Amino acid sequence: MGLRDRGPRTPRVAVDTGVQLVTAWHLVGVAAGIVSMLLASRSGDDALPAVIKLFMQVFSIAVTVAHLAAAYGTFRRMRRARTVSLVTNYLLFVVSGSALLHQLGAFTGIGKFGTGLNKAFLPFMVIVVGLLWVLVAGQLLSKNPLAAGPNGLRRAGWGLAALASVWFVIAADPSGMLSMIGDRITQPLTLGTLAVALCSGAATRFMWQRRVAVRFGTSAAEEQTLSGLAFLSPNLIGFTFFFAGPLLFSLVVSFFEWKTTGTGRSFVGIDNYVRALSLDISSSDVANAGNEVLKPGYQVLMHLDWFGQNWVLGARDVEFWISLRNIAIFLVLAVPASVLPALVLSSILASRLPGMKVFRAIYFIPSVAGVIGVAIIWGQLFQSTVGWINYLILRAGEILPFVDPPAEGHPWVSSNSTALLSMVVVFAWMNFGFNTVLYLAGHQSIPKELYEAADIDGANVWQVFRRITVPQLRNTTFYVLITTSILALQLFDIVWILSTPEPGGPNNATTTPVLALYEEAFQGNNQGYASALAWVLFLIIFGFTFAQFRQQKDGATSGGVS
Amino acid sequence: MSVRRKGPKATAIRVATYVLLVCVAVVVVFPFAVAVTTAFKRNTDIFTYPPSLVPKKEATIPAADVGLEGDPVPVYSFPDRDDRPGQWALVDGDASLAEFRPLDDLERVIVLDVKAGEKTGETISIDGEEEDVYLVDDGGAQVEAYRSRLTSGGLFVSVDDPSTSVLDLVNFATPAREFGPRFSNFTEVLAEKDPETNGKGVGRSLTNTVLVTILVVLGQIITSILGGYAFARVQFKGRSTIFLMYLGSVMIPFVVLIIPLFQLMLQVNWRDNLVALIIPFAFTAYGTFLMRQFFLGIPAEIEEAALLDGASRSTILWKVMVPLARPAIATLATFGFLYAWNSFFWPLVIINSGNPDNAVLSLTLSTLGGRSSTDTNLVFAGTVLAMTPPILVFLFAQRYFVENSASSGLK
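Laid out in structure tokens, this is it:
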């Protein structure tokens with residue numbers, strides 16, 4: 036196939052000269068690391084938040100130590116030194132490269148690019164179509180994915196994209212952006228970052244070469260590890276910065292009282308968790324007693340009547356407990372409503388009658404249509420005076436004797452009793468199609484012989500469904516129940532759009548844990564407490580996930596989870 | 084199931100099956116039908132009872148049809164004197180009319196020309212006022228009535244028979260409505276946000292969403308290919324540990340990450356910027372698994388042959404593995420597209436300045452269609468615009484999508 040590396044030709048620097056340069060570069064790095072360590076620990080600089088300061092100190096120390104080790108190792112031509120130098124330089128390259136892009140405004144420039152794109156949307160779409168054509172042309176006209184495809188057609192796609200690009204640049208008018216970049220790149224700090232990025236990049240490029248590996252005597256296993264990490268690095272860096280780091284930070288913050296701004300942050304231990312979960316129960320002589328019968332700081336959650344005695348249940352965070360109650364009710368209603376139809380429908384769709392694929396596609400559409408649009412549509416359907424739901428109930432009442440429509444249109448989402456039920460309807464409508472497809476995968480693993488045997492024995496449709504399909508799909512059912520529950524526990528979007536008169540209304544009838552979290556964090560600015568709520572919610576969800584993992588480990592996974 | 088059987092009973096079951104399937108399909112499709120038709124309606128048309136799936140406008144006929152010149156004439160629908168329903172063109176909206184009330188039924192109103200009726204000379208006392216009694220024409224019969232009010236009203240001409248005309252109060256008549264989609268809903272909702280022109284700025288949100296979606300999908304594809312390849316094909320120290328961490332990450336719900344990610348975005352000053360919707364989401368553990376699974380399935384011989392040929396790993400990846408992995412990449416792209424296009428919670432948190440230049444579709448729609456919603460027709464036009472791309476993508480990429488949502492449990 037002649038697949039040779041045809042990278043750009045690197046200048047043939049003699050290996051030893053190159054390594055000496057890299058050593059020198061590492062020594063510069065040590066000096067710079069010490070300077071930045073001193074800068075970071077300088078007192079009196081209150082502009083920087085403590086966390087950032089700490090991060091900078093740790094980072095500078097790490098950089099200094101890594102550079103020191105790399106300088107010494109490369110100077111002595113130690114076997115491991117190449118790895119240390121490569122990792123140091125690569126990470127430094129990524130950090131300084133990101134910092135450079137940040138200083139040039141490349142990241143926030145994406146927002147500004149949106150403005151240009153808005154002005155030049157049409158040529159942009161032409162570019163997209165052209166490139167898609169290039170991608171698809173080969174596949175459309177040739178079954179072999181390795182074949183290059185008819186080149187003329189591809190070239191037409193490239194040509195189209197190129198022409199549209201010129202049009203795009205003219206229409207989008209990037210002169211403002213270019214002059215901004217020009218202004219910024221001449222600033223000393225930016226130039227310094229640029230120099231660091233260039234040096235570390237060049238050092239990485241040099242040290243990566245095979246002849247350098249030979250000079251250092253790198254083992255094959257080490258070479259493998261390096262190339263594995265190199266391939267994984269974009270993913271791993273993202274994973275660290277946008278998943279693992281934030282996750283740890285979230286746990287830390289949940290033990291603090293934490294505001295968005297720097298002031299008002301203090302360590303409170305497990306107080307946030309205690310506050311969220313505290314309940315108090317007290318007996319009282321009068322029905323509907325108020326907060327006064329509870330401990331200070333508690334509010335009435337609900338009144339109970341047990342064995343002729345009035346009890347008052349109170350909580351410190353009433354809204355969170357109400358949201359837990361709501362989500363429990365929601366779970367009990369919405370999960371069966373989205374799973375049972377899926378079980379029945381999948382059994383029909385699995386029968387290979389003509390037209391089944393069409394129905395499958397139709398049922399799937401609500402789950403891809405986007406929850407905001409779906410909620411807006413259902414808001415109109417639920418409308419009390421001119422909504423379709425009330426109208427259809429009214430018409431059904433004319434035909435069917437057992438339907439008793441209310442005299443006036445029922446206000447579905449603004450009535451305490453039906454608000455949550457309305458959310459259940461929307462959730463089930465959105466998710467049953469997805470579950471149907473999950474079930475269809477489960478159906479594929481049911482042995483056909485079972486049905487044939489039932490056929491011979493003269494079993495009827497119900498018997499086949501009850502005695503074969505349902506038991507055989509037990510694992511799938513479990514999987515579908517769990518995933519749907521996890522989704523239901525995080526109910527937010529539907530409520531955000533549909534509930535009135537405010538999100539979670541009326542009278543907290545549709546408040547959910549995620550909504551409570553959102554309000555605490557971003558409207559109440561209690562980010563520490565909200566983080567604690569998030570972890571409580573996570574533990575609840577984790578219970579479900581854990582059950583699923585246990586099941587997967589135990590039984591044969593006909594749940595289609597590979 | 085027992086569908087392969089023959090006989091009348093099997094046929095009955097089969098018919099019942101299809102009836103059930105069609106009923107469910109109607110339940111699924113109907114809300115979309117409501118959305119699409121509402122998107123073409125006039126706002127007043129949405130709030131009429133009973134609800135209808137047909138966008139209507141107020142009917143007019145050309146002026147020449149009723150012997151006039153100029154603008155089309157509005158058509159009203161009301162029963163004539165003999166209670167037969169009819170369509171009437173309003174040829175003069177400012178005719179001088181008189182309201183008469185028959186003495187035997189003072190609740191009834193007879194509307195006639197101001198010069199109609201003959202005074203009988205008698206008077207009658209109504210609410211303490213002396214009123215003249217007239218003899219007026221009431222559908223052929225002459226009745227005694229008093230003139231309760233002078234007013235202006237409409238001269239209507241029958242649409243079917245222009246020689247027939249009646250006088251009536253315009254506000255007593257209901258405008259006739261006919262099929263009339265309003266296409267400008269779409270241009271208005273797309274237009275730049277402006278209270279004067281009623282533009283809603285959805286066009287800008289649409290470009291932003293397209294930009295964000297494309298970049299997220301591209302980022303996810305690239306990082307997942309690289310990561311998936313590393314996990315599948317390169318033996319390196321710590322691989323299984325890292326992979327286990329990736330597996331575990333799937334268990335963490337996004338709500339746990341919201342607050343720290345928000346803090347992070349504040350620190351790097353990415354709040355209220357589209358980049359906050361792109362970079363953090365260009366990495367996906369799901370996508371990495373998907374690509375890893377696929378690469379594991381490609382025979383090792385292909386790779387070994389290329390290695391012997393002297394190709395480097397990255398050459399092998401891009402020239403050999405990636406072309407083979409097109410189906411998996413298509414799946415990944417479809418999932419990434421739907422995720423990025425429809426995501427709402429994170430944009431709500433991070434793009435919250437109300438500046439329409441930074442908003443994405445889901446956010447703009449939630450503001451437009453939320454509790455203080457006006458212009459429902461425009462909201463639905465926006466909703467239809469927002470829903471069409473994901474539905475189209477789903478329909479075209481169904482093959483990848485349905486198969487893989489089942490096998491990987493992606494949600």
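Chains as they are written, first to last, in our numbering: chain A, 36 to 597; chain B, 84 to 494.
Here a beta-carbon is modelled for each residue, glycine too, at the ideal position from N, C-alpha and C.
None of these values were measured; they are calculated from a predicted model.
So, are the CB atoms of residue i and residue j less than 8 Å apart?
i: A/GLY273; j: B/VAL317; result: no
i: B/ILE342; j: A/VAL288; result: yes
i: B/TYR529; j: A/THR420; result: Since the first residue shown for chain B is 84 and the last is 494, residue 529 of chain B is missing from the structure and cannot be characterised.
i: B/VAL137; j: B/PHE269; result: no
i: B/ALA256; j: B/PHE161; result: yes
i: B/LEU531; j: B/VAL197; result: Because chain B here runs from 84 to 494, residue 531 of chain B falls outside it and cannot be looked at.
i: B/ALA147; j: B/ASP154; result: no
i: A/VAL35; j: A/TYR486; result: Nothing can be reported for residue 35 of chain A, as the shown portion of chain A is limited to 36 through 597.
i: A/SER457; j: A/SER285; result: no
i: A/HIS338; j: A/VAL328; result: no
i: A/VAL653; j: A/TYR308; result: Since the displayed chain A opens at 36 and closes at 597, residue 653 of chain A lies outside it and no answer follows.
Quick check on this structure: which residue in the options has the alpha carbon closest to the alpha carbon of residue i?
i: A/ASP315; options: A/GLN334, A/LEU435 and A/ILE305; result: A/GLN334
i: B/GLY380; options: B/ILE434, B/ALA411 and B/PHE239; result: B/ALA411
i: A/VAL231; options: A/MET465, A/GLY68 and A/PHE417; result: A/GLY68
i: B/ILE48; options: B/ALA365, B/LEU478, B/SER235 and B/LEU186; result: A question about residue 48 of chain B goes unanswered here, because the residues of chain B that appear run from 84 up to 494.
i: B/PHE239; options: B/GLY453, B/PHE420 and B/ILE144; result: B/ILE144
i: B/ALA181; options: B/GLY237, B/ASP163 and B/ALA147; result: B/GLY237
i: A/ALA523; options: A/GLY390, A/VAL370 and A/THR511; result: A/VAL370
i: A/PHE342; options: A/ALA350, A/ASP320 and A/ARG351; result: A/ASP320
i: B/LEU431; options: A/VAL54, A/THR275 and A/TRP531; result: A/TRP531
i: A/GLN138; options: A/THR228, A/ILE400 and A/GLY146; result: A/THR228
i: A/ILE411; options: A/ARG300, A/ASP528 and A/ASP439; result: A/ASP528
i: A/PHE581; options: A/PHE513, A/GLY540 and A/THR545; result: A/PHE513
i: A/ALA207; options: A/PRO158, A/PHE251 and A/GLU292; result: A/PRO158
i: B/PHE266; options: B/ASP355, B/ARG125, B/ARG454 and B/PRO382; result: B/ARG125
Closer than 8 Å, CB to CB, is residue i near chain A or not?
i: B/SER445; result: yes
i: B/VAL317; result: yes
i: B/THR324; result: no
i: B/LEU391; result: no
i: B/ILE335; result: yes
i: B/PRO91; result: no
i: B/MET470; result: yes
i: B/TRP353; result: yes
i: B/ARG260; result: no
i: B/SER449; result: yes
i: B/ASN356; result: yes
i: B/ASP440; result: yes
Check whether the Cβ of residue i sits closer than 7 Å to any heavy atom of the ligand NAP, and report yes or no.
i: B/ASN254; result: What this structure holds is no ligand at all, so the ligand NAP is not there to describe.
Compare the C-beta of residue i against all C-beta atoms of chain B and say whether one is closer than 8 Å.
i: A/GLN507; result: no
i: A/PHE277; result: yes
i: A/TRP168; result: no
i: A/GLN259; result: yes
i: A/PHE12; result: For residue 12 of chain A there is no data in the structure shown, the boundaries of chain A being 36 and 597.
i: A/GLY400; result: Note that residue 400 of chain A is Ile in the sequence shown, not Gly. Yes, because at least one Cβ of chain B sits closer than 8 Å to the Cβ of A/ILE400.
i: A/ALA569; result: yes
Residue i touches chain D at which residues, Cβ-Cβ below 8 Å?
i: A/GLY559; result: Considering every chain present, this structure includes no chain D. Its protein chains are A and B.
Q. Touching or not, the region 385–394 of chain B and the region 369–376 of chain A, by the rule of three or more beta carbon pairs under 8 Å?
A. no
Q.
Quick test of the definition: if touching needs 3 or more C-beta pairs under 8 Å, does the region 460–473 of chain A touch the region 511–523 of chain A?
A. yes
Q: Could you run through the region 95–120 of chain B and flag, in chain order, every residue whose CB is less than 9 Å away from some CB of chain A?
A: ILE96, ARG97, THR100, TYR101, LEU103, LEU104, VAL105, VAL107, ALA108, VAL110, VAL111, VAL112, PHE113, PRO114, PHE115, VAL117 and ALA118
Q | Selection of the region 525–539 of chain A by Cβ proximity to chain B, strictly under 8 Å | A | GLN525, PHE527, ASP528, TRP531, ILE532, THR535, PRO536 and GLU537
Q) Within the chosen definition, does the region 351–366 of chain A reach the region 378–393 of chain A through at least 3 CB pairs nearer than 8 Å? A) no
Q) Pairing CB atoms from the region 363–374 of chain B with CB atoms from the region 300–314 of chain B, are three or more of them under 8 Å? A) yes
Q: Below 8 Å between beta carbons is the criterion; list the residues of the region 125–141 of chain B that meet it against any residue of chain A, in chain order.
A: ILE129, PHE130, THR131, TYR132, PRO133 and PRO134
Q: Indicate whether the contact test is met: 3 or more Cβ pairs, each with one atom in the region 455–467 of chain B and one in the region 279–294 of chain B, closer than 8 Å.
A: yes
Q. In the region 369–391 of chain B, which residues sit with their C-beta less than 8 Å from some C-beta in chain A, listed in chain order?
A. THR371, GLN376, ALA388 and ALA389
Q) Taking a cut of 7 Å between CB atoms, which residues from the region 263–281 of chain B lie near chain A? A) none
Q) At a Cβ cut of 9 Å, what residues of the region 211–227 of chain A count as close to chain B, listed as they run along the chain? A) none
Q) Do the region 232–246 of chain A and the region 119–126 of chain A touch if we need at least three Cβ pairs shorter than 8 Å? A) yes
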